[in-house]
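Working notes, structure below.
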Amino acid sequence: MTEKVFLKDSYIKSADAIFQKADDSGLVFDKTIFYATGGGQPNDTGTIKWNGSDLRVIDVTKKDDDVFHRIEGDVKLSPGDRCHMEIDWNRRYSHMRYHTAIHIIDAVVHHNPENFGLITGSQIYQDRARVDFDFQDFTREIAQKIIDEANRIISEGHPVKILELDQAKALSIEGLARTVPGRELLKRLDVVRVIEIEGVDMQADGGTHVNNTREVGTLKLSGIESKGRRNKRLNITLS
Ligand SMILES: [Zn+2]
5 MTEKVFLKDS YIKSADAIFQ KADDSGLVFD KTIFYATGGG QPNDTGTIKW
55 NGSDLRVIDV TKKDDDVFHR IEGDVKLSPG DRCHMEIDWN RRYSHMRYHT
105 AIHIIDAVVH HNPENFGLIT GSQIYQDRAR VDFDFQDFTR EIAQKIIDEA
155 NRIISEGHPV KILELDQAKA LSIEGLARTV PGRELLKRLD VVRVIEIEGV
205 DMQADGGTHV NNTREVGTLK LSGIESKGRR NKRLNITLS
């Protein structure tokens with residue numbers, strides 16, 4: 005099992021790790037600071053220093069409890085080898101800002117009395133993100149209203165905290181998991197990692213986020229798309 009360092013502290017940019025094993029998916033270490041693709045957040049990239057050479061990490065994936073680091077070129081590490089990991093921080097930090105922005109948008113939609121529909125998915129890129137809604141009468145005006153409200157919350161400077169709740173406590177909080185698969189997953193976890201944006205929102209989540217909403221920056225609406233009668237898409241950028 006790979007210890008995922010970023011779950012407790014998303015700001016760690018470098019760390020030592022011990023090589024354990026490898027297969028076609030890549031190298032596995034005792035712990036990692038590299039985020040594996042999942043939950044709409046892309047994998048980290050970066051470098052692993054080993055034996056005087058810099059190994060370039062080009063993809064990171066999860067399988068069971070292990071994290072696999074795909075390396076450019078061929079290398080032969082031995083179990084027990086000590087390595088030094090460094091992530092590409094600009095890419096990761098951008099993902100953290102977008103991920104936090106999506107939580108805030110989700111909170112605006114979820115807690116709005118006008119019933120703004122339901123978020124069904126999201127995808128983060130380094131320079132933009134999209135949020136998908138189940139929302140029949142979605143208009144650019146409504147989208148702008150959501151963005152304006154999200155920007156107001158961002159500028160208030162709410163602390164963003166990582167909590168670990170036991171399952172019973174997690175299940176007692178309304179809206180902690182907002183999708184059917186999310187709620188099913190919650191029932192299988194003894195300890196649930198929760199991202200709390202103080203005074204704004206709580207969500208069960210495995211991603212990386214900033215420590216304060218002010219770090220998100222300014223949200224801009226770049227457009228809306230209709231992907232079907234109820235399936236609508238919101239495209240955003242940050243500056
Ligand atoms: Zn998140």
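Convert by adding 4 to the 1-based position in the sequence shown; the result is the number in my numbering.
Every residue, glycine too, gets a C-beta built ideally from N, C-alpha and C.
Quick caveat, the model's predicted, so the values are computed rather than measured.
(request) Classify VAL64 as buried or exposed, calling it buried when 16 or more other Cβ atoms lie within 10 Å of its own Cβ. (result) buried
(request) Would you decide whether ARG134 is buried or exposed? Buried here means 16 or more other CB atoms lie within 10 Å of its CB. (result) buried
(request) State buried or exposed for ALA181, treating a residue as buried only when at least 16 other CB atoms are found within 10 Å of its CB. (result) buried
(request) With hydrogens ignored, establish whether the beta-carbon of GLN58 is closer than 7 Å to any heavy atom of ligand 1. (result) A small correction: the amino acid at residue 58 is Asp; Gln does not occupy that position in the sequence shown. ASP58 Cβ: outside cutoff for every heavy atom of ligand 1.
(request) On a CA-only basis, which of GLY179, ILE150, HIS162 and ALA208 is nearest GLY227? Give me that one, please. (result) ILE150
(request) Could you pull out every residue in the same chain whose Cβ sits closer than 6 Å to the Cβ of LYS80, ignoring the five residues on either side in sequence? (result) none
(message) I'd like to know if the stretch 55–75 and the stretch 166–179 are in contact, where contact means that at least 3 CB-CB pairs between them fall below 8 Å.
(response) no
(message) Taking the alpha-carbon of ALA40 as reference, which of ILE22, LYS224, HIS99 and PHE139 has the nearest alpha-carbon?
(response) HIS99
(message) In chain order, what are the residue ranges of uninterrupted beta strand (DSSP E) at least 3 long that sit wholly in the stretch 20–79?
(response) 30–33, 50–54, 57–67 and 70–75
(message) Between ILE128, THR183 and ARG197, which has its C-alpha nearest PRO46's C-alpha?
(response) ILE128
(message) Spatial neighbours of ILE75 within its chain, please: C-beta separation below 8 Å, excluding the five flanking residues on both sides.
(response) GLY30, LEU31, ILE52, LEU59, ARG60, VAL61 and ILE62
(request) Report all residues from its chain with a CB closer than 8 Å to the CB of ASP170; omit the five preceding and five following residues, and keep chain order. (result) ASP194, VAL195 and VAL196
(message) Within 8 Å of any Cβ in chain D, is that where the Cβ of GLN171 sits?
(response) Judged by its chain identifiers, the structure shown contains no chain D, having just a single protein chain.
(message) Let's see if you can read the secondary structure: which residues bound the alpha helix (DSSP H) around ASN235?
(response) Note, ASN235: premise wrong, no alpha helix (DSSP H); beta strand (DSSP E) at 235–242.
(request) Could you check which residue in VAL214, THR6 and ARG187 has the C-alpha nearest to that of PHE33? (result) THR6
(request) Please say whether SER243 and THR222 have beta carbons closer to each other than 8 Å? (result) yes
(message) Do ASP48 and PHE38 have their beta-carbon atoms positioned less than 8 Å apart in this structure?
(response) yes
(message) For ARG101 and VAL220, which I take to be in contact (beta-carbon distance under 8 Å), what is that distance rounded to the nearest angstrom?
(response) 5 Å
(message) Considering Cα atoms alone, identify which of GLN148, ILE199 and ASP20 is closest to ILE240.
(response) GLN148
(request) Using a threshold of 8 Å, state whether the C-beta atoms of ILE109 and ALA154 are closer than that. (result) yes
(message) Please report the straight-line C-alpha distance between VAL112 and GLY210, rounded to a whole angstrom.
(response) 21 Å
(request) Kindly indicate which three-state DSSP category VAL164 falls into: helix, strand or coil? (result) strand
(request) Specify, as a first and last residue, the run of the beta strand (DSSP E) that ARG144 falls within. (result) Taken as a continuous stretch (DSSP letters only), ARG144 belongs to no beta strand (DSSP E), being part of the alpha helix (DSSP H) at 144–159.
(message) Our contact map puts ILE91 next to GLY50 with C-beta atoms below 8 Å; I'd like the distance itself, whole angstroms only.
(response) 4 Å
(request) Verify the contact flag: ASP78, CB atom, against every heavy atom of ligand 1, threshold strictly below 7 Å. (result) no
(message) Is ASP209 near ligand 1 - that is, is its Cβ less than 7 Å away from at least one heavy atom of it?
(response) yes
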